[in-house]
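Heads up: the sequence shown runs through residues 333 to 605, numbered per this note's numbering.
Note that CB positions come from ideal geometry on N, CA and C, so glycine has one too.
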Amino acid sequence: MGPAGGRACGTGPYPGRMRTDRGLRRLYGTGWLISAGVMLVAARMWLLHLREVEQRAEEAERTKDEAARRRAVEERLRIARELHDSLTHSISVIQVHAGVEVHLAGKRGEEVPPALLAIQEAGADAARELRATLSVLRTDEDGETSGLDQLESLVARARTAGLQVTVTVTGTRCRLTRDVDQAAYRIVQEALTNVSRHAAGARATVQVRYGPDELIVQVDNDGAVSSVPPAGQGLGLIGMRERVAALGGRLHAGPHKDGGFRVCAELPIRAAA
């Protein structure tokens with residue numbers, strides 16, 4: 333048989349090399365599929381690892397927040413105990429003594445001194461506010477607090493104590509946040525207290541102005557400049573500044589150019605709670 337007969341059988345000149353090439357291509361294809369599968373599995377495992385790390389970080393943050401909240405509650409309870417132990421007894425003693433003197437004066441048919449009535453009423457008011465403060469410290473709920481709705485009562489007590497006070501309220505009244513309402517009341521309270529302490533005999537004017545975006549509380553007195561504390565001094569003024577700053581407002585306190593002393597607070601009506 334000749335060479336033509338061999339080619340007719342389809343053996344070709346390089347049959348072994350063709351089979352080898354096809355085998356390599358199948359091997360390469362299988363290798364790529366395996367590599368792609370391994371990469372997908374590795375990527376999936378990496379994502380799972382990242383998710384686990386994130387969950388651990390979130391859990392650690394929650395634990396940290398809970399620990400901080402627990403420490404804050406413990407500190408509030410400690411402050412509440414300190415306030416109760418140090419102030420409640422003293423205020424109760426003042427109330428009892430004032431009440432006894434008022435009762436004896438009435439029994440003797442004598443006129444009760446206005447200062448004694450002011451002491452009795454101030455003691456009752458201090459006890460009420462102390463109870464409200466302690467209730468807020470002991471719980472996360474809002475307790476009863478002082479606000480501008482009690483301004484008339486505050487001014488009446490100041491007048492009973494001998495201070496001449498006039499009050500003017502202008503603008504359209506609106507609902508205030510608890511913090512703004514309480515800060516406005518405290519500013520008037522502290523300003524009138526300072527007038528009584530440092531400018532005895534002076535006349536005080538209280539102005540409350542409701543604006544579209546801010547509440548202005550201003551207290552002026554016509555006492556001698558030398559008899560009132562300079563701006564920025566005294567714990568009362570420091571407390572005012574801290575209250576107003578915490579609400580994003582502004583406080584101006586100091587001698588007035590026309591004489592006397594002025595305290596003016598500008599509080600944002602929509603201050604963040």
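- Fully enclosed alpha helix (DSSP H) runs of no fewer than 4 residues occupy 483–492 of the segment 475–501, in order along the chain.
- Secondary structure of E398 (DSSP, three-state): helix.
- A residue is called buried when at least 16 other Cβ atoms come within 10 angstroms of its Cβ; E522 meets this threshold and is buried.
- For D511, the enclosing alpha helix (DSSP H) has its first and last residue at R510 to H530.
- Cα atoms of T352 and M371: separation of roughly 28 angstroms, rounded to the nearest angstrom.
- Contact between R582 and A515 is absent: CB atoms are separated by about 12 angstroms, not below the 8 angstroms threshold.
- Just so you know, the alpha carbons of V497 and Y517 end up roughly 15 angstroms apart.
- When C-alpha distances from T502 are compared across N526, R489 and R541, the shortest belongs to R541.
- Beta bridge pairing from DSSP links T352 with no other residue.
- For D552, the uninterrupted beta strand (DSSP E) segment begins and ends at E546 to N553.
- Beyond the five residues adjoining it in sequence on each side, L599 comes within less than 8 angstroms, by CB distance, of V512, A515, A516, E546, L547, I548, V549, V576, L579 and G581 in the same chain, given in chain order.
- Looking at the DSSP output, Q539 bridges to T500 and Q550.
- Contact annotation: L419 and L462 have beta-carbon atoms nearer than 7 angstroms.
- Residue V538 holds the alpha-carbon nearest to the alpha-carbon of R491 among L508, R460, L480 and V538.
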